[in-house]
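Data first, discussion second: the structure below is written as structure tokens.
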Amino acid sequence: MEGAIFNNDINLTGERREMYMMELRLQSSMQSDFDTELGPVSYNVTERGKSKFVSIVNFPYIVLAIMKKSKDHIVLIGKIKTAIRNFKNFKRESTVQEK
Numbered sequence: 008m009e010g011a012i013f014n015n016d017i018n019l020t021g022e023r024r025e026m027y028m029m030e031l032r033l034q035s036s037m038q039s040d041f042d043t044e045l046g047p048v049s050y051n052v053t054e055r056g057k058s059k060f061v062s063i064v065n066f067p068y069i070v071l072a073i074m075k076k077s078k079d080h081i082v083l084i085g086k087i088k089t090a091i092r093n094f095k096n097f098k099r100e101s102t103v104q105e106k
């Protein structure tokens, strides 16, 4: 998958990493089937071993954050969403200035 970055603490081969990212895409796609009735998914949190895996849906992309289980994922999600909003605003402002 494009842009997939894993910490060295996550012991997966390249092929297994790609499979994991494909699983995230499939899960996101399947969950979007219920957007009309239930609203869109904002994020998913999975706890495994000593880590939390937070996937944040930012159509058409998925942001994956891997953190220690003891960390507050709500705080991190807020920071990531703010960064995404700021980037979108920056990109939009840059496009307007170029014209």
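Residue numbering for the sequence shown is 8 to 106, as defined by this note's numbering. Glycine is no exception: its CB is placed at the ideal position from the N, C-alpha and C atoms. If you're wondering where the values come from, they're calculated on a predicted model, not measured in any experiment.
Let's see if you can read the secondary structure: which residues bound the beta strand (DSSP E) around residue i?
i   : result
T53 : 50-55
With DSSP as the reference, label residue i as helix, strand or coil.
i   : result
L19 : coil
K78 : coil
F60 : strand
Can you tell me where the alpha helix (DSSP H) holding residue i begins and where it ends?
i   : result
D40 : Premise fails: D40 is in no alpha helix (DSSP H) and is neither H nor E.
For the ligand NAD, any of its heavy atoms closer than 8 Å to the Cβ of residue i?
i   : result
K59 : Ligands in the displayed structure: none, and consequently the ligand NAD is not present.
In chain order, what residues of the same chain lie with their CB nearer than 6 Å to the CB of residue i, ignoring the 5 residues before and after it?
i   : result
T53 : F60
Tell me which residues share the same chain as residue i and place their Cβ nearer than 7 Å to its Cβ, disregarding the 5 neighbours each side in the sequence.
i   : result
L83 : V61, A72, M74
Could you round the C-beta distance between residue i and residue j to whole angstroms and report it? I think they count as a contact, below 8 Å.
i   : j   : result
V64 : S36 : Contact doesn't hold; Cβ gap of about 10 Å is too wide.
> Any contact of the stretch 26-42 with the stretch 58-70, i.e. 3+ C-beta pairs under 8 Å?
Replying inline: Between the stretch 26-42 and the stretch 58-70 there are three or more inter-stretch CB-CB distances shorter than 8 Å, so the stretches are counted as touching.
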